[in-house]
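Each remark here refers to the structure printed beneath this line.
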Amino acid sequence: MFAPSKTIDKELCHRQAHSDRKYQLFGRMSCLATELFFLPPKLAKASYILRARPIIIGEAKLEPRGQSLVRPVVGLFVGIAVVILVMPAIIVGSWKSPAIDPPVPSSDITLQLYVSSSKQLVKIGLEDYVRGVVAAEMPASFHPAALRAQAVAARTYAAKRIRSLGGRGCDAHPQADLCDNPAHCQAWVPVSQLQQKWGMLEYQNYWTKISEAVAMTAREIITYQGIIIDPVFHSTCGGQTEDAGAVWQQSVPYLVPVKCSYCQHSPKLQTEQRYSLTAFVGAMRELDGAITVTAQSLRTTSPNLTIAEKTATGRVSSISIGGRNIKATTLRSALGLNSTRFVHKIEGDQIVFTVQGYGHGVGLCQYGADGMGQAGYDYRAILQYYYQGTQITEIR
Ligand SMILES: [Zn+2]
Ligand SMILES: [Zn+2]
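So for the sequence shown, this note's numbering puts the first residue at -10; every next one is plus one.
Take a look at the structure:
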C-alpha cells in the first residue's frame, strides 16, 4: 500500500509558491485600498494586475484573471497608498484583515471529521485537516523542522483511522473517520479560530509556517516494516523518553527510550506542584478505599509514603502509601501531575512534587523536536530519532 518516498523537488515548488504568495498579499492589500478609499479606476486596475500573478500549487497553475501592462510607477503609487492609508488601520485594529489562505496541496484523500463544537460531520481534505491538527497540537512558534515532524505524525495518525485507507474510523462517532477530541483522536482547530488563538499580528506568519510544513511533507507518513506506526507524542520528556511498555504494558519496537537533551528550553522542564495533605489523602482514598493513612500520619511518618518502583529510565512506576501500591500513571491522572518523572517531599501540611517534563514521555518529544530543529536536524532525522527504526513513506 505504501511505497518508499520519491524524490520530489518540493522545496523549489514551495519557494515559488511562497514568493508568489507574498506578492499576492501586497496585491490584495493594494486592491483593498483602492476599494476602500475610492482611488481612481486606473489605480484599481493596477492593483488588480498586482494580485493577478500566477500561483503555482503542486503541478497546477492558477492563471491570472487580468492581463495588461501597467508602468511600475503606478504600482509604486499604489504601494505608497497602501502604506499611508491601510497600515495605520491595521495597527489600530479598526480594519479586519482579509483571510489569506496559503496554498496547500489539494488531496484526493478526504475524511469525515466530527467537530465537537458544532456536533457536525465535516468532509475535509487530508492535507487541509493536517494543517488544523498541527495548529492545535504544537506551538506555531516552533522551528519549521519540528512543525514538519508534527505534520507527518498528524498525517500518520489520520492514515491509521481513515476508513478508505483501511483504518478503523473513530469509534466514538461511527460516521466519522476522526473526531477533534484530543482525548480520543487528535486535536484539530478550524482556521476561523486561529486569528483569535494567535492574535492578528502573528496569524498570517504562523498560518503560513504551518501551511508550509504541511505542503513540504505532503502525503508523507511514518511506517515500521511497512506498517503505519502509532505516532504518539508528548510535550517534554525531561531528559529521556519512555518505553511504551512501561506506560501501557505493551512494548512497541519503535517506541523505545532515547536520550533527549533537546528539550532543555521547555517551560515544563521542571515544575513544582503542591497539594494539601488532606486533598492528597482524599484523592488516594478515592483510588483505593483500603488506604487508611491520614494527613496527620503522613506529616509525622513519611515512610507511610514511598516510591515503590521505578522504570528503567528513572520514572516512577508505582508508589506505596500506607502499605498499598498505586501505579504512578494512575496517580498522575488523579492529581494532574505533569509527568511520572518526579520526587516528592512533605512540607508542613503540603506534599510537594518536583516534576521533570510534561506528558507520558513516549515517542516524539515536541520541545525536543524544536530543539533538534534549532540544532540543524531536519524533520526526517527528528522523526527517526524519536520513532526508532522507522521509515518515512508516501501514501500511494
Ligand atoms: Zn475520535
Ligand atoms: Zn525531550
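For every residue, glycine included, the Cβ atom is placed at its ideal position computed from N, Cα and C.
Can you give the Cα-Cα distance for threonine 382 and valine 221, rounded to whole angstroms?
18 Å
Do leucine 353 and tyrosine 368 come within 8 Å of each other at the CB atom, strictly closer than that value?
no
Using a Cβ-based criterion (distance less than 7 Å to any ligand heavy atom), does leucine 324 qualify as near ligand 3?
Only ligand 1 and ligand 2 can be found as ligands here, which leaves ligand 3 out of the picture.
Spatially closest choice to alanine 172 from Met205, Gly365 and Glu126, by CA coordinates
Glu126
According to DSSP, tyrosine 146 sits in a beta bridge with which residue or residues?
According to DSSP, which records beta bridges pairwise, tyrosine 146 is partnered with nothing at all.
Mind checking whether the beta-carbon of threonine 300 lies closer than 7 Å to any heavy atom of ligand 2?
no
Straight-line CA distance for asparagine 314 to leucine 100?
44 Å
Where does the unbroken alpha helix (DSSP H) through serine 286 begin, and where does it stop?
284 to 289
Buried or exposed, going by whether 16 or more other CB atoms sit within 10 Å of the CB of glutamate 201?
buried
Glycine 346 versus isoleucine 308 - alpha carbon distance
19 Å
What residue range does the beta strand (DSSP E) around threonine 343 cover?
339 to 345
Could you say which of Ala138, Gly337, His333 and Gly311 lies nearest to asparagine 293 if we only look at CA atoms?
Gly311
Taking C-alpha atoms, which residue in Cys174, Ile371, Ala161 and Pro163 lies nearest to lysine 149?
Of the listed residues, the one whose Cα sits closest to lysine 149 is Cys174.
What ranges does the alpha helix (DSSP H) occupy inside the segment 194 to 265, keeping only unbroken runs of at least 4 residues that lie completely in it?
233 to 237
Just reading off the beta strand (DSSP E) that arginine 120 is part of, what are its end residues?
Arginine 120 -> not in any beta strand (DSSP E); alpha helix (DSSP H) instead, spanning 115 to 126.
Using C-beta distances below 6 Å, list every residue in its chain close to aspartate 359, excluding the 5 sequence neighbours before and after it, in chain order.
Phe131, His132 and Ala135
Is it the case that the Cβ atoms of aspartate 232 and proline 246 are separated by a distance below 8 Å?
By the CB criterion at 8 Å, aspartate 232 and proline 246 fall inside the cutoff.
If you compare alpha carbons, which of Ala140, Arg152, Gln239 and Trp196 is closest to arginine 208?
Ala140
For the candidate residues Ser107, Val270, Trp237 and Gly227, whose alpha-carbon lies nearest to that of tyrosine 251?
The candidate whose alpha carbon is nearest that of tyrosine 251 is Gly227.
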